[in-house]
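Some notes on the structure that comes next.
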Amino acid sequence: DSGVTQTPKHLITATGQRVTLRCSPRSGDLSVYWYQQSLDQGLQFLIQYYNGEERAKGNILERFSAQQFPDLHSELNLSSLELGDSALYFCASSAGTELSYTFGSGTRLTVV
Amino acid sequence: DAKTTQPPSMDCAEGRAANLPCNHSTISGNEYVYWYRQIHSQGPQYIIHGLKNNETNEMASLIITEDRKSSTLILPHATLRDTAVYYCIVWRVNQFYFGTGTSLTVIP
């Protein structure tokens, strides 16, 4: 157990729908990062939050959004889902230095 | 983007050393090289990182060339549980840039 908790583990939904993925960082970690991994692809950085504020943005689509709440958990919202959004979505957390960058076990999203 | 280049796949006999190469010719002077691995579809796991000097920990050794344009991850005695995708990545501006990595298969 890495200490980073992601729910749900699996999600199946239809095209056009909206889903929310949840991430609870390790205790004490202020930064949360979201990554997308499509089939047989490397991980693509989506977005980072630090203590509730957006810190960095990567290749995140406009249909996707995220936020970090006062208790530091984060949610990734995916809307108007397309078949191509099917992927593993990973959350990672850190205390602020890259040495403590720890990944969760991911959420597997399947859009049908 | 901070690009790294790795061979797509490698095999290694169980008990032998696995040497995984990585090219990072565009790396800047203050950027660290990190290695992570991903077993099946689990979350990536940190292995080791370095800047200029060679590094060793309980999992692996990292050899960085003097010009810092390439590095090699060494797993000294590979086991079947080391079968995974290994990513050589650079940390830049609050994010890791992952490539497609090297799929290492340890053969009994």
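Chains A and B, in that order, are what the protein sequence lines are. Under this note's numbering, the letters of the first sequence match residues 1 to 112, in that order. Under this note's numbering, the letters of the second sequence match residues 1 to 108, in that order. Built from N, CA and C at the ideal position, the CB exists for glycine as well. Please read all numbers here as calculations on a predicted model, not as lab measurements.
| Query | Result |
| --- | --- |
| Please tell me whether Gln-48 (chain A) and Gln-45 (chain B) are closer than 8 Å, where the distance is taken between their beta carbons. | no |
| Would you verify that the beta carbon of Pro-44 (chain B) is, or is not, closer than 8 Å to some beta carbon of chain A? | yes |
| For chain A, find out if any of its Cβ atoms is closer than 8 Å to the Cβ of Thr-100 (chain B); answer yes or no. | yes |
| Quick check: what's the CA-CA separation for Asn-54 (chain B) versus Thr-5 (chain B)? | 19 Å |
| Distance cutoff 8 Å, beta carbons only. Does Ser-70 (chain B) sit that close to anything in chain A? | no |
| Is there a Cβ from chain A that is less than 8 Å from the Cβ of Ser-9 (chain B)? | no |
| What does the Cβ neighbour count give for Thr-107 (chain A), buried or exposed, with the cut at 16 atoms within 10 Å? | buried |
| Taking Cβ positions only, does Ala-95 (chain A) come closer than 8 Å to chain B? | no |
| Which one of A:Ser-93, A:Ile-60, A:Gly-96, A:Asp-71 has the shortest CA to CA distance from Ser-121 (chain A)? | This structure gives no information on residue 121 (chain A), because the portion of chain A shown stretches from 1 to 112. |
| Which of the three DSSP states, helix, strand or coil, is assigned to Arg-18 (chain A)? | coil |
| Compute the Euclidean distance between the alpha carbons of Lys-9 (chain A) and Asp-85 (chain A), then round it to the nearest angstrom. | 16 Å |
| How big is the Cα-Cα spacing for Gly-28 (chain A) and Ala-95 (chain A)? | 7 Å |
| According to DSSP, is Asp-71 (chain A) helix, strand or coil? | coil |
| If we require 3 or more residues per run, which beta strand (DSSP E) segments fall completely within the segment 55–106 of chain B? | 61–64, 70–75, 84–92, 95–97 |
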